[in-house]
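Below is one structure; the comments refer to it alone.
Here it is, written out as structure tokens:
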């Protein structure tokens, strides 16, 4: 029971802290802060990929088998993809209508909340393998959540929402991550098989986030060189973490 509570708290801190910080940045500094995130995003992508390839994926295969682990990984990636499609579809419909800015903010917040639940699964599954790994994944997910919090804050900001309400909305969007972490930790605690599936699911989610979001996002926000440097440093750090634990 104690490990379940601790895992849920870890997910809450990563989710609420990451998106909440993103909202706070928009409130205080505006869109100029996006450029500062580029190397950090690529760094997080590098660490995530190295953790998946050299630690999480092998553990998932050993616990659940290669075929089941692969299926769960695909499901994890598709879950994140679906939440992203929802976000983009709603944004496309509403972005050109000034009177719908608040509705767009709510839609974006909903998609990010769904996204955060899936990422919470990654934290919970990682904790059940090794606490240190879970903490590392939580930190990386929190970093990834910063630009998400910034993205959902902009429509609210342009729609005239107050600073306090913006910060509260972004923080609340991180709550589902705590639930996701709790679910994964509970299933992993039932059996080694469920732990393997949870780990594989979260591995797929993390690969998608790294390859489709973090690294391309870093390139768009800055340039290829800055992104490459951040990615290489992150990859090396991820390898160091795997070897150390």
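Residue numbers (this note's numbering): 50 to 294.
Here a beta-carbon is modelled for each residue, glycine too, at the ideal position from N, C-alpha and C.
Whether residue i touches residue j by CB criterion (8 Å)
| i | j | result |
| --- | --- | --- |
| residue 275 | residue 222 | no |
| residue 234 | residue 179 | no |
| residue 289 | residue 279 | no |
| residue 97 | residue 258 | yes |
| residue 57 | residue 227 | yes |
| residue 263 | residue 184 | no |
| residue 72 | residue 198 | yes |
| residue 186 | residue 172 | yes |
Residue i, enclosing alpha helix (DSSP H) - first and last residue
| i | result |
| --- | --- |
| residue 263 | No alpha helix (DSSP H) holds residue 263; DSSP gives it neither H nor E. |
| residue 210 | Segment: none, residue 210 is in no alpha helix (DSSP H) and carries neither H nor E. |
| residue 295 | Here the chain has residues from 50 to 294 only, and residue 295 is not among them. |
| residue 255 | 241 to 257 |
| residue 66 | 51 to 78 |
| residue 342 | The requested residue 342 does not occur in the structure, where the chain is confined to residues 50 to 294. |
Buried versus exposed call for residue i [16 or more other C-beta atoms within 10 Å across all chains shown]
| i | result |
| --- | --- |
| residue 168 | buried |
| residue 116 | exposed |
| residue 240 | exposed |
| residue 206 | buried |
| residue 214 | exposed |
| residue 105 | buried |
| residue 285 | exposed |
| residue 283 | buried |
| residue 143 | Because residue 143 carries a pLDDT of 49, less than 50, the predicted location of this residue cannot be relied on, and the following value inherits that uncertainty. It counts as buried. |
| residue 61 | buried |
| residue 181 | exposed |
| residue 270 | buried |
| residue 216 | buried |
Own chain, CB closer than 6 Å to residue i, minus 5 neighbours either side, in chain order
| i | result |
| --- | --- |
| residue 122 | 249, 252, 253 |
| residue 212 | 76 |
| residue 225 | 162, 165, 166 |
| residue 191 | 63, 66, 67 |
| residue 81 | Residue confidence for residue 81 is low, a pLDDT of 49 falling below 50, so the modelled location carries little weight and cannot support an answer. |
| residue 220 | 65, 69 |
| residue 175 | 182, 183, 186 |
Residue i versus the options, residue with shortest Cα-Cα distance
| i | options | result |
| --- | --- | --- |
| residue 70 | 201, 225, 109, 175 | 201 |
| residue 54 | 232, 245, 190, 77 | 232 |
| residue 243 | 62, 282, 66, 111 | 111 |
| residue 127 | 224, 256, 292, 195 | 256 |
| residue 189 | 50, 134, 52, 63 | 63 |
| residue 246 | 72, 108, 194 | 108 |
| residue 50 | 236, 88, 113 | 236 |
| residue 277 | 78, 52, 88 | 88 |
Own chain residues within Cβ distance below 7 Å of residue i, not counting five before or after
| i | result |
| --- | --- |
| residue 147 | Because residue 147 sits at a pLDDT of 46, beneath the cut-off of 50, its placement in the model cannot be relied upon, and the following sentence gives the value as read from the coordinates. Once the five neighbours on either side are set aside, residue 147 has no close Cβ partner at all. |
| residue 93 | 189, 192, 193, 263, 283 |
| residue 129 | 164, 167, 254, 257, 258 |
Same chain only: Cβ atoms within 8 Å of residue i, ignoring 5 sequence neighbours per side
| i | result |
| --- | --- |
| residue 287 | 95, 96, 97, 98, 99, 100, 103 |
| residue 170 | 125, 229, 230, 232, 233, 247, 250, 251, 254 |
| residue 119 | 249 |
| residue 145 | Confidence at residue 145 is low in this model, with a pLDDT of 48, below 50, so its placement is unreliable and the value that follows should be read with caution. Excluding positions up to five away in sequence, the list is empty. |
| residue 260 | 94, 98 |
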